[in-house]
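**Q**
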Amino acid sequence: MRSFHLPTILLASLLGVAAHVHADEVTVAVAANFTAPMQKITADFEKDTGHKVVSAFGATGKFYAQIKNGAPFEVLLAADDETPARLVADNAAVAGTSFTYAIGKLVLWSAKPAIVDGAGEVLKKGGFDHIAMANPKLAPYGAAAVQTMKTLGVYDSLQAKLVTAENIAQSYQFVSTGNALLGFVALSQVLKDGKIEGSAWLVPARLYSPIRQDAVILDKGKGKPAAEAFMKYLKGVKAKAVIKSYGYDLS
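Under numbering that gives the first Met the number 0, the sequence shown is numbered contiguously, ending at residue 250.
1) Which class does Y100 belong to by DSSP, given the choice of helix, strand or coil?
2) Name the DSSP beta bridge partners of A251, please?
3) Of the residues F127, Q38 and G222, which one's Cα is nearest the Cα of G177?
4) What's the call for S170, buried or exposed, on a 16-neighbour Cβ count within 10 Å?
5) Starting from I210, trace the beta strand (DSSP E) both ways and give me its first and last residue.
6) Determine the DSSP secondary structure at F62, reduced to helix, strand or coil.
7) Determine which residues share a DSSP beta bridge with V53 and list them.
8) Quick one: residues in its chain with C-beta nearer than 6 angstroms to the C-beta of V215, no 5 flanking neighbours on either side, listed in chain order?
9) Determine the extent of the beta strand (DSSP E) in which L151 is found, giving its start and end residues.
10) Compute the beta-carbon to beta-carbon distance between G197 and K111, rounded to the nearest angstrom, for a pair I have assumed lies under 8 angstroms.
11) Could you name the residues of the same chain whose beta carbon sits closer than 6 angstroms to that of F56, not counting the 5 residues immediately before and after it, in chain order?
12) Based on DSSP bridge pairs, tell me the residues matched to I195.
13) Quick one: what does DSSP say S109 is sitting in, helix, strand or coil?
14) Considering just the uninterrupted stretch of the alpha helix (DSSP H) at L122, what are its terminal residues?
15) Quick check on this structure: which residue in G222, S244, Y245 and E45 has the alpha carbon closest to the alpha carbon of E73?
16) Would you report the Cα separation of A228 and A64, rounded to the nearest angstrom?
17) In whole angstroms, what is the alpha-carbon distance linking K149 and T48?
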């Protein structure tokens with residue numbers, strides 16, 4: 000019997016095709032604050048596994064309502080740990096699959112230099128007409144902003160100046176475009192190569208409840224290879240390095 004030896008390049012190519020024969024697609028609902036790291040992780044995941052990711056970005060509270068109403072999401076990357084737990088309790092997510100993928104940090108930020116001081120005293124001194132924040136009923140970062148202002152005793156005096164965004168991405172947009180001189184955003188949105196442009200105050204963690212961001216496989220992702228592969232990848236060294244580079248803490 001004659002034996003055949005495939006060229007190394009051809010063999011590698013065939014193995015690559017075989018590895019991706021079972022490639023699948025996963026639909027992920029992602030908290031708006033995690034947009035930039037998710038885009039990087041998605042690119043790496045697709046390259047490394049052959050699976051495809053379809054992402055939607057928005058407020059965690061809005062995603063909860065959509066998922067309860069049958070939205071076709073298979074994985075949720077929330078901005079809190081309460082929403083995934085509620086979905087598990089509602090039998091809308093798979094028990095035992097949730098974990099904390101990131102711990103978020105709140106920042107008071109202005110696109111302009113010398114507006115926000117390093118101690119957040121600007122909240123007491125004033126000198127601005129509008130301050131943006133995400134909707135506290137839908138976005139955990141918005142709830143953290145309210146908690147911060149109340150802890151500092153400035154919430155009542157600032158209420159008339161508050162501009163409420165649908166989610167943290169829109170809060171960032173309000174400030175970056177100048178519609179609000181300053182606002183509460185996620186550190187990941189303003190951290191570029193380890194630096195923050197404009198002026199900012201990294202809000203001390205003691206002023207608000209920890210923003211533990213949990214991921215969970217939803218009912219529609221149960222038993223789906225791509226959903227399980229993505230969750231495994233999110234726990235891996237490569238994804239964790241990306242998450243940390245955007246200023247998040249790891250659990």
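Built from N, CA and C at the ideal position, the CB exists for glycine as well.
**A** Walking through what the data contain:
1) strand
2) Lying before the first or after the last residue shown, residue 251 is absent from the chain, which here runs from 0 to 250.
3) F127
4) buried
5) I210 to I216
6) F62: helix per DSSP, three-state reduction.
7) T26
8) L75, P83, A92, T96 and S97
9) No beta strand (DSSP E) contains L151, which is instead part of the alpha helix (DSSP H) from P139 to L151.
10) 6 angstroms
11) Apart from sequence neighbours up to five positions away, the residues of its chain that approach F56 with a beta-carbon distance below 6 angstroms are V29, A31 and T34, ordered along the chain.
12) L190
13) strand
14) V121 to K124
15) Selection G222, S244, Y245 and E45 evaluated against E73 yields G222 as nearest (Cα-Cα).
16) 26 angstroms
17) 46 angstroms
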